[in-house]
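J.: Residue 113 in the numbering used here is what sits at position 126 of the first sequence, and the numbering runs on without skipping anything.
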Amino acid sequence: MFALVDCNNFYASCERVFRPDLNGRPVVVLSNNDGCIIARSNEAKELGIKMGEPAFKIADFLTEKQVTVFSSNYVLYGDLSHRVMNTLGRFTPELEVYSIDEAFLNLTGLTVDWEEYARIIRQTVGRQVGIPVSVGIAPTKVLAKVANHRGKKIPGQNGICVLDTPRKIGEALETFEVGEVWGIGRQYRKLLNSINVYTAGDFLQLDDDWVRRKMTVVGLRVKKELAGISCLELELIPPAKKVICTSRSFGHDQTALEPIEEAVATYAARCAEKLRRQQSCAGMLMVFLHTNSFKEDEPQYAKNLVCKLPVPTNSTIELIHYTSAALRAIYKKGYRYKKAGVIVMEIVPEDRIQGSLFDCVDREKQATVMRKLDEINGKYGRDTLKVAAQGLGQKWKLRQEKLSPCYTTRWQDIIKVRV
DNA sequence: TCTGGGGTCCTAGGACCC
DNA sequence: TCTGGGGTCCTAGGACCC
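(1) What residue ranges within the segment 23 to 105 form continuous alpha helix (DSSP H) runs of no fewer than 4 residues, ordered along the chain?
(2) Buried or exposed for L306, going by 16 or more other Cβ atoms inside 10 Å?
(3) In the DSSP assignment, the alpha helix (DSSP H) including C347 goes from what residue to what residue?
(4) How long is the line joining the alpha carbons of L344 and V298, rounded to whole angstroms?
(5) I need the straight-line Cα distance from S68 to C294, nearest angstrom please.
(6) In three-state terms, what does DSSP make of N180?
(7) Would you kindly report the start and end of the unbroken beta strand (DSSP E) that includes M(-12)?
(8) Tell whether a beta-carbon distance below 8 Å holds between L292 and A259.
(9) What is the DSSP secondary structure of Y(-2), counted as helix, strand or coil?
(10) Near S236, which residues of its chain fall below 6 Å by C-beta distance, leaving aside the five closest residues on each side in sequence?
(11) Under three-state DSSP, which class holds Q115?
(12) Along the chain, where does the alpha helix (DSSP H) containing A375 start, and where does it finish?
(13) For R410, name the three-state secondary structure that DSSP assigns.
(14) Work out the CA separation of V62 and I118 for me, nearest whole Å.
(15) Tell me whether the segment 77 to 91 and the segment 48 to 58 touch, counting them as touching only if at least three CB pairs, one residue from each stretch, are closer than 8 Å.
(16) Considering only the beta carbon of each residue, do A376 and E167 sit closer than 8 Å?
(17) With DSSP run on the structure shown, which of helix, strand or coil describes S311?
(18) Go to N135, then tell me how far its alpha helix (DSSP H) extends in each direction, as first and last residue.
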């Protein structure tokens, strides 16, 4: 048996943990740069606010309805996510952290009342972390997703749903919209609807060969899982990333090369940090740059450049050297730039590097410098020590006008209790 | 004024090898 | 009339997830 535990409206719930005055009130969280709505409390959903809606389009509506708006605060969400996962870890020996707000638990071997167990999980996370969660329990991961969805959406379920018998599963799938099934997105939904398949139950009636042909083995696995045949195992150790990307829109459009170069150097530094955290090196990188395609009346330009590195690296200094050169090669004067990014690829473990006969970089020394850099920044905060190319001005920085404090990770932001 | 930022997997087709 | 059989690697595109 698997449980899927999913935090309700996670980012909005995080903001409410330290703002209990907002309980029962509409809350939304914006994407980077305060662009789009990416999380909504139930009250905000009830007001009809849509996921992904650009905030500026509904600014007046938000004010009128007294919706509390937050910029995204990933430091806070990341820390609360850790706390949730730690708490969940006590309910199973096998936990897969699937995303920032979801985890699968292997419950195989437990002899408990599932409903009761789900209730205890929910209560414990709520009490110890302050985040409301939903719990779905079923014999496969896809069915656990279905159960979780039902626990969350069906009134009276109290965020809990157990699908542990063929009859319960069959009844649930009969009314479960096929596009809501994990692994069936918009395109497949359209395809399935076109042949009169509207529910997960309908989907189960289809011929395996047809599913395999039209939806690849991925679709067939989904079907097997819905039928109660477990094909997706728990991933206990998160696999190393094969590609790492750091990209941001600028707070304001940029025209000069210098600030863009600072931004790209900072993105390169982030990529290098992520590489070192998973103990790998990248053999290739790409820099991209583009104008704002929403502004149709302005001249548009978008370009990227891929650069093969002589020897795979995770050194911030070396990566910045190449990303700066790549940026200078694609930058053209006379445009208003909106976004840039760095992608590192051909990622290999750092102890399996193919060296080069003509390599003239002292890699031992670079590694030592990076280790010290990470140590210092780990202790005193990100970018306490950085490469000069990252700049000091940072006029390209994100817009974050409604950022909440880092209640749990920054000394000066820790909440004060008055006596 | 203003529109996010990350990832994965699978398949088909072409080029190439013996 | 008729033209083998077995591979690999790479890329682009399309689907999906949070």
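Where a beta carbon is used, it is the ideal one built from N, C-alpha and C, also for glycine.
T.: In this structure, then:
(1) DSSP runs (the alpha helix (DSSP H)) wholly in the segment 23 to 105: 29 to 33, 46 to 51, 61 to 76.
(2) Along the first sequence, one-based indexing puts residue 306 at 319. A buried status is given to L306, since no fewer than 16 other beta-carbon atoms sit within 10 Å of its beta-carbon.
(3) Here residue 347 refers to the residue found at position 360 of the first sequence. Run containing C347: none; DSSP gives neither H nor E here.
(4) Indexing the first sequence from 1 puts residue 344 at position 357. Indexing the first sequence from 1 puts residue 298 at position 311. Going from the Cα of L344 to the Cα of V298 covers about 10 Å.
(5) Stepping through the first sequence from its first residue, residue 68 is reached at position 81. Stepping through the first sequence from its first residue, residue 294 is reached at position 307. Answer to the nearest angstrom: the Cα atoms are 36 Å apart.
(6) Within the first sequence, residue 180 is the residue found at index 193, counting from 1. Judged by DSSP in its simplified three-state form, N180 adopts helix.
(7) Residue numbering aside, residue -12 sits at position 1 when the first sequence is read from its first letter. That residue, M(-12), is in no beta strand (DSSP E); it is neither H nor E in DSSP.
(8) For the purposes of this step, residue 292 is taken as residue 305 along the first sequence, with counting starting at 1. For the purposes of this step, residue 259 is taken as residue 272 along the first sequence, with counting starting at 1. No, Cβ-Cβ distance for L292 and A259 is not below 8 Å.
(9) Working through the first sequence from its first residue, we reach residue -2 at position 11. Residue state, collapsed to three classes: helix.
(10) Position 249 of the first sequence, counted from the start, is the residue given in the question as residue 236. N20, K325, K326, listed in sequence order.
(11) Mapped onto the first sequence, residue 115 falls at position 128. In the structure shown, Q115 sits in a helix (DSSP, three-state: H, G or I).
(12) Taking the first sequence and counting its residues from 1, the one referred to as residue 375 is at position 388. Judged by DSSP secondary structure, A375 falls outside any alpha helix (DSSP H); it is assigned neither H nor E.
(13) Not covered by the structure: residue 410. The range shown for the chain is -12 to 406.
(14) Taking the first sequence and counting its residues from 1, one reaches residue 118 at position 131. Taking the first sequence and counting its residues from 1, one reaches residue 62 at position 75. Cα atoms of I118 and V62: separation of roughly 16 Å, rounded to the nearest angstrom.
(15) No, they do not touch.
(16) Position 389 of the first sequence holds residue 376. Position 180 of the first sequence holds residue 167. Between A376 and E167, the C-beta gap is not smaller than 8 Å, which leaves the two residues out of contact.
(17) Looking up residue 311 in the first sequence gives position 324. Note: S311 maps to helix in three-state DSSP.
(18) For the purposes of this step, residue 135 is taken as residue 148 along the first sequence, with counting starting at 1. Element bounds for N135: 128 to 140.
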